[in-house]
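Its first residue numbered 0, the sequence shown is counted upward by one per residue in numbering that gives the first Met the number 0. Glycine included, every Cβ here is placed at the ideal spot set by N, Cα and C.
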Amino acid sequence: MPPYLQRGSIPRKRHIIHRREGGHRGEGLYYEEVVTTAGFGRAYSICYHLRPPTRVVKLEPAGEVKTDLAPQKALRHHHLKSGAMKAQGDPVTGRVPLLVNDDVSLARCRPAKPQAELFRNATADEVIFVHRGIGTLHTMFGSLPVQPFDYVVIPRCTTYRLDFEASTPPDLLVIEGSGTIGIPARYLNPDGQLRLGAPYAERDLHGPASIDTIDREEETPVVIKDGQRLTRYVLASHPFDLIGWDGMAYPFTFNADDFEPITGTIHQPPPIQQTFDAPGFVVCTFAPRMLDTHPEAIKVPYAHSNVQADEVLYYVRGRFGSRRGVEEASFTLHPRGIPHGPHPGTILASMAMTRTDELAVMVDTVKPLLLTRQALEIDDPQYPYSWLDG
Ligand SMILES: [Fe+2]
């Protein structure tokens, strides 16, 4: 979890009255809301609203998000080329799930229009990787500037609107996790601080700089997603009406270019690139870095049969030394049980290289990933044969 933050006005102790002049119903107080994660077991924030956050005018079904699975009869590697997927929907409705299991969903989203309604994911933490686009995430905790190569981490039950500047068409990779997405425990010292030597530190995590209180007694719709079900709640007032909050549960950004790669004289294994941790999967950042310095080092990864893990790489930027044929916005899926490794010719070609400018996001899952129909539409059926000489 990101470090403790405090923004705006909070009372001296938690759970005591936060007084004001007048206010809602003339009660002379701000209204406390405790926002927790993992029940009451993990990080939480305590928020103070102008009005109670519980006033619902109307609720109605708002459809469902369908995941159109396309079961595969053969186990094989996949190469999905998502760079030409057409823009559709908005930053929420335009998501196209490609690879899914019980723990995680990977979707591409190339929004064609601004987000129409406030959105709240009730059952998944979200990490939105911004491949392209400059914008702002608006939440009750305040606003966050969003820029290319940001991981935008949004804890479940954060109501938000993600806006982009019209001049920068957004292009997003959306990771939804059923469990809590957080900082790997091994990066934290017993005092909860990011260790010296961890690939990022507190200064690299950016929470809301200030709160932007919206004082509006007007009906405001919020679409809530729980699982596949969508429900539209019409609230009696705008939910971004905080005058203060503190705690460790809030949305934040981390830019992939702030990831400090750990390198060695010989090849270092993928866990050194881990960025986030979650039940059932990890998110890693393959960042630009110095390559291995041993005079005989092979600077591309060795072939391996990823045992008990499915490996997804999403290629963001630069040249990818170990792969032929991948392009920006390609995904490769290397499932468990069959080896994969550097493409022919890349081992020797790597020996003279001193650094790589590649940027890629990796998601490794414990359970097998299933492809959707939309994934199959952009799949290269020849990819499993791409290791043959030639
Ligand atoms: Fe691999």
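Beta bridge counterpart(s) of residue i as assigned by DSSP
i    : result
K80  : S329
E31  : Y47
C283 : Q273, M361
V129 : L171
I223 : R119, T230
Q5   : D245
N305 : None; N305 has no bridge partner.
G38  : G38 is not bridged to any residue.
H266 : DSSP lists no partner for H266.
L193 : L187
G176 : V103, D124
T355 : R288
V311 : L332, V362
H205 : T252
G181 : D276
L369 : V99
CA-to-CA distance, residue j to residue i, given in whole angstroms
i    : j    : result
F239 : V103 : 28 Å
E216 : D170 : 34 Å
V99  : F163 : 27 Å
E63  : Y301 : 43 Å
V231 : L136 : Strictly speaking, residue 231 in this sequence is Arg, with Val absent from that position. About 20 Å.
T264 : C283 : 21 Å
R228 : A61  : 8 Å
R390 : H77  : Here the chain comprises residues numbered 0 to 389, so residue 390 is not present and cannot be evaluated.
E26  : Q114 : 35 Å
L74  : D67  : 19 Å
L312 : S329 : 8 Å
A37  : T179 : 7 Å
S304 : D378 : 21 Å
R322 : H17  : 58 Å
L143 : A208 : 7 Å
P198 : Y30  : 39 Å
V33  : L204 : 22 Å
L117 : G324 : 39 Å
T158 : D211 : 14 Å
M247 : F140 : 11 Å
F258 : D190 : 22 Å
E295 : M350 : 7 Å
T425 : H293 : Absent from the structure is residue 425, since the part of the chain shown begins at 0 and ends at 389.
M361 : E310 : 7 Å
T364 : I346 : 27 Å
R202 : K72  : 47 Å
H333 : E357 : 19 Å
I297 : L195 : 28 Å
A123 : T262 : 33 Å
Residue range of the alpha helix (DSSP H) that includes residue i
i    : result
E376 : 372-376
Endpoints, beta strand (DSSP E) assigned at residue i
i    : result
G390 : Outside the displayed range of the chain (0 to 389) lies residue 390, so it cannot be described from this structure.
L117 : 117-120
D162 : 159-163
D245 : 241-246
G62  : 55-63
P144 : 141-145
L74  : Note, L74: premise wrong, no beta strand (DSSP E); not H, not E.
V135 : Just to set this straight, residue 135 is Thr in the shown sequence, not Val. Counting along the chain, the beta strand (DSSP E) containing T135 begins and ends at 134-138.
I153 : 149-153
L97  : 94-99
N188 : Unbroken run through N188: none, as it is neither H nor E.
L68  : Where L68 is concerned, there is no enclosing beta strand (DSSP E), given that its DSSP letter is neither H nor E.
A251 : The sequence shown places Phe at residue 251, rather than the Ala named in the question. Where F251 is concerned, the enclosing beta strand (DSSP E) stretches over 251-254.
L105 : 103-108
> Taking a cut-off of 7 Å, which residues have a beta-carbon closer than that to any heavy atom of ligand 1, in chain order?
Replying inline: Those residues that bring their Cβ nearer than 7 Å to a heavy atom of ligand 1 are P269, P300, H303, N305, E310, H333, H339.
> Which full runs of the alpha helix (DSSP H) of 4+ residues lie inside the stretch 317-352, going along the chain?
Replying inline: Unbroken alpha helix (DSSP H) stretches of 4 residues or longer found wholly inside the stretch 317-352: 345-349, given in chain order.
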